[in-house]
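Comments concern the structure below.
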DNA sequence: AATGAATGAGGGTTCATTCAT
DNA sequence: TATGAATGAACCCTCATTCAT
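Protein chains in written order, with the working numbering: chain A, 9 to 199; chain B, 9 to 199; chain C, 9 to 199; chain D, 9 to 199.
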């Protein structure tokens with residue numbers, strides 16, 4: 009008779025939100041962001057066409073939420089103690105964990121690479137992304153400088169490119185890519 | 009009616025086809041495949057909305073044609089049927105040329121990275137791609153072995169990932185990426 | 009359980025109903041009927057989205073309720089069951105009061121003009137409206153006849169049209185319309 | 009075999025444009041702008057849902073086109089020789105013709121009054137409308153000043169209100185409204 | 001009586017594609 | 001071959017309305 013309590017509603021909302029995010033991630037990564045319609049997501053989630061809009065303002069916002077979640081997961085492992093300084097151990101930890109994540113969350117990283125190559129979509133995440141990379145780069149530059157590099161900025165760019173390249177190739181063909189051995193190699197080279 | 013006319017017609021047809029392909033490549037890479045309409049392509053090419061359908065069955069076929077052409081061009085460029093052995097100088101030359109090509113043909117490579125992240129498209133060239141990369145990898149493995157590497161296969165994978173990663177990041181934001189410095193760094197590291 | 013509770017309940021119900029009507033009138037007149045959503049009304053009234061449907065069957069019924077209430081109020085205000093004769097002073101008083109009402113109740117009159125232009129809505133109160141205007145016209149005709157007009161019916165129609173036109177223009181852009189000066193002018197002309 | 013000539017296309021386009029305008033005017037005036045969907049218009053016109061968008065950029069633009077056409081029709085009769093000065097004869101002509109137009113083009117004027125009372129829709133035509141009324145008012149003010157009025161601005165406002173009021177009442181119930189007699193009365197009063 | 005999560009029809013708009021010319 | 005008017009499915013999104021609680 010009485011309405012649901014706020015707690016009940018919050019549980020329902022959280023579950024639905026998660027459901028929508030999961031389904032959207034799966035479809036976006038399988039078919040690409042543009043080629044996936046909101047209706048498809050709703051259908052695959054077993055909910056009505058309109059419901060996703062109770063949880064996300066727009067398709068764009070849904071994408072951005074997904075993106076932030078994924079990126080934050082990866083960033084958690086970077087500079088573990090968040091003191092702005094990277095030790096060799098923290099670096100090793102980061103590299104190890106990022107690639108664990110890559111394996112555990114292939115869908116997201118597939119989407120990640122897909123987004124970057126769609127100009128109109130990339131614009132949506134550009135700002136978000138720059139914030140992340142700027143913070144990260146500053147710390148990495150310092151890391152390479154301390155290790156005695158004369159060109160820490162370039163080393164940072166190269167390191168990032170390598171991480172991206174490995175991720176990319178793994179994502180394209182996970183079965184054929186010798187990820188573990190490659191990761192070991194990277195750790196040896198950089199830590 | 010006369011044979012010459014037919015030949016001329018074929019030339020004209022070939023020119024139109026090329027025109028459409030070029031314009032499409034430019035727009036697809038600039039705005040993304042989904043965000044580019046067939047009408048836009050026609051308009052930019054100065055032809056009618058219906059004409060592209062005389063040359064390509066659908067938008068998707070146009071895209072695939074572009075992809076195949078681009079991949080073939082790239083493979084021809086890296087013609088490996090020489091002597092199968094890479095010297096340090098040849099390696100340097102290779103790295104230099106890859107990135108020259110990247111800069112000269114940004115449009116294609118942008119599209120290329122986009123298509124790689126779309127499973128259904130990648131499947132279409134998977135086999136050819138494997139043949140190509142296998143040939144290339146064989147030569148690189150030999151190169152690293154000669155340089156004294158104990159894990160030449162892994163070094164090859166890492167090298168390829170790095171090349172891909174650099175290309176990827178450059179393509180995403182060409183203005184911000186210090187390509188020349190990075191290339192120098194790679195050459196120093198690998199040659 | 010006790011009778012008092014029921015009475016109190018009725019009072020509460022009546023208050024809620026009135027609240028919804030007031031909020032709806034305000035929003036409908038501010039933003040237009042179509043552009044106002046039921047959710048907005050509920051939110052502005054501080055109640056849940058579903059509650060208005062306990063009081064009104066549909067958005068349209070809510071609109072019609074508003075319209076009928078407003079028209080009845082206006083008709084009561086212009087209660088003509090007095091002596092049926094208008095003096096110049098009474099005329100002046102009437103004109104003054106009409107425009108006072110217009111200013112005091114802009115929301116309603118805006119909506120009123122809107123509804124008049126929607127055939128299906130106007131049909132709902134056509135009959136009552138005719139009764140009302142006929143009564144009023146009779147008195148005005150007598151007024152103009154006494155003032156010596158040879159076409160008192162036409163004068164009445166023109167007078168009514170003028171009153172309507174002024175109201176209309178004032179409602180459309182209240183800030184720009186010089187209502188007071190116009191009213192003075194009308195009084196001078198007609199009293 | 010060969011494509012239609014430009015002339016043929018222009019004829020087709022002009023006919024379709026007119027068709028869409030006519031159907032839209034009819035439906036907008038019958039049901040109101042907001043309550044009429046583009047699909048309805050297309051269906052009533054016997055064309056596909058998408059075609060109106062080849063002729064008008066949006067529903068708004070369609071409305072504006074309609075509005076401009078209607079207003080321009082009326083303005084043609086105002087200040088016949090377009091010299092910025094109104095004679096008594098021109099005034100008479102204007103009044104007569106405007107009301108002829110009102111009768112001939114009831115749909116438009118119904119829409120006209122409907123638009124004014126929908127805030128979000130009125131915004132679309134506000135600018136357009138101000139341009140018209142400003143020009144007209146300037147000329148009318150001069151007209152009343154010449155006739156010896158001490159308050160030509162107010163007279164102009166009152167005149168406009170009267171014209172609007174008459175139009176409004178006629179539009180609401182054309183059968184009952186004694187338009188001809190009223191027009192005579194107005195002419196006598198103002199010319 | 002009251003809540004708000006959920007539905008799904010329908011809105012404006014776009015665009016790949018067709019086809020009469 | 002070439003044109004562009006026309007189609008209609010599909011897209012993103014809104015919102016009146018329902019109903020379990």
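Ideal Cβ positions, reconstructed from N, Cα and C, are used throughout, including at glycine.
Check, Outcome
"How would you list, in chain order, the residues of chain A whose beta-carbon sits under 7 Å from the beta-carbon of residue 172 of chain B?", "173, 176, 177"
"So with Cβ pairs under 7 Å, would you call residue 190 of chain B a contact of chain A?", "yes"
"What residue does the alpha helix (DSSP H) around residue 125 of chain A start on, and which one ends it?", "Unbroken run through residue 125 of chain A: none, as it is neither H nor E."
"Contact criterion: CB-CB distance below 7 Å. Does residue 198 of chain C meet it with respect to chain D?", "no"
"Residues in the same chain with beta-carbon distance under 6 Å from residue 163 of chain C, minus the five sequence neighbours each way, listed in chain order, please.", "152, 157"
"Quick check on the DSSP output: the alpha helix (DSSP H) that includes residue 41 of chain D runs from which residue to which?", "Here residue 41 of chain D belongs to no alpha helix (DSSP H), and DSSP marks it neither H nor E."
"Which chain C residues are close to residue 166 of chain D, counting only those with a beta carbon under 9 Å from its beta carbon?", "170, 173, 174, 190, 193, 194, 197"
"Return yes when the Cβ of residue 173 of chain C is within less than 7 Å of the Cβ of residue 170 of chain D, no when it is not.", "yes"
"In the DSSP assignment, find the unbroken alpha helix (DSSP H) run with residue 75 of chain D in it and report its ends.", "67-83"
"With distances taken Cα to Cα, identify the nearest neighbour of residue 197 of chain B among B/146, B/184, B/96.", "B/96"
"Quick one: is residue 85 of chain A near chain B, going by C-beta distance under 7 Å?", "no"
"Beta-carbon within less than 8 Å of residue 64 of chain C's beta-carbon, same chain only, minus the 5 sequence neighbours each way: which residues are those?", "28, 70, 73"
"Assuming the contact rule is C-beta atoms closer than 8 Å, residue 22 of chain D and residue 76 of chain D should be a hit. Round their C-beta distance to whole Å, please.", "In fact, because the Cβ distance is near 17 Å, the residues do not count as touching under 8 Å."
"For a contact defined as C-beta to C-beta under 9 Å, what are the partners of residue 118 of chain A on chain B?", "125, 127"
"Just how far apart, CA to CA, sit residue 18 of chain D and residue 11 of chain D?", "13 Å"
"Please report whether the beta-carbon of residue 80 of chain A lies at a distance below 7 Å from any beta-carbon of chain B.", "no"
"Say whether chain C places a C-beta atom closer than 7 Å to the C-beta of residue 180 of chain D.", "yes"
"Could you spell out the range, first to last residue, of the alpha helix (DSSP H) harbouring residue 109 of chain D?", "96-112"
"Spatial neighbours of residue 123 of chain C within its chain, please: C-beta separation below 6 Å, excluding the five flanking residues on both sides.", "75, 129"
"For the alpha helix (DSSP H) that contains residue 60 of chain B, what are its first and last residues?", "60-63"
"Kindly indicate which three-state DSSP category residue 186 of chain C falls into: helix, strand or coil?", "coil"
"Quick check on the burial criterion: 16 or more other C-beta atoms within 10 angstroms. Buried or exposed for residue 40 of chain C?", "buried"
"Should the stretch 100-109 of chain A be called in touch with the stretch 105-118 of chain B, which here means at least 3 C-beta pairs below 8 Å?", "no"
"My understanding is that residue 206 of chain A touches residue 34 of chain A, with C-beta atoms under 8 Å, so please give their C-beta distance in whole angstroms.", "No information on residue 206 of chain A is available, as it lies outside the stretch 9 to 199 that chain A covers here."
"Determine whether the Cβ of residue 121 of chain B lies closer than 7 Å to any Cβ atom of chain A.", "yes"
"What separation, rounded to the nearest whole angstrom, lies between the Cα atoms of residue 194 of chain A and residue 82 of chain B?", "28 Å"
"With 7 Å set as the bound, which would you pick, yes or no: does the beta-carbon of residue 133 of chain A sit closer than that to a beta-carbon of chain B?", "no"
"For residue 43 of chain D, return the contacting residues in chain C, with the cut-off set at a CB-CB distance below 7 Å.", "42"
"With a threshold of 7 Å between beta-carbons, can residue 108 of chain C be considered close to chain D, or not?", "no"
"Could you tell me which chain D residues have their CB closer than 7 Å to the CB of residue 102 of chain C, listed as they occur along the chain?", "Within chain D, no residue comes near residue 102 of chain C; the closest Cβ sits about 16 Å away, beyond 7 Å."
"Helix, strand or coil, according to DSSP, for residue 88 of chain D in the structure here?", "coil"
"State the start and end residues of the unbroken alpha helix (DSSP H) segment that holds residue 164 of chain D.", "160-180"
"Would you verify that the beta carbon of residue 162 of chain D is, or is not, closer than 7 Å to some beta carbon of chain C?", "yes"
"Flag residue 9 of chain B as yes if its beta-carbon sits less than 7 Å from any beta-carbon of chain A, otherwise no.", "Only weak support is given to the placement of residue 9 of chain B: the predicted model assigns it a pLDDT of 43, under 50, and the question is left unresolved by the model."
"Output the boundary residues of the alpha helix (DSSP H) element that contains residue 49 of chain D.", "46-53"
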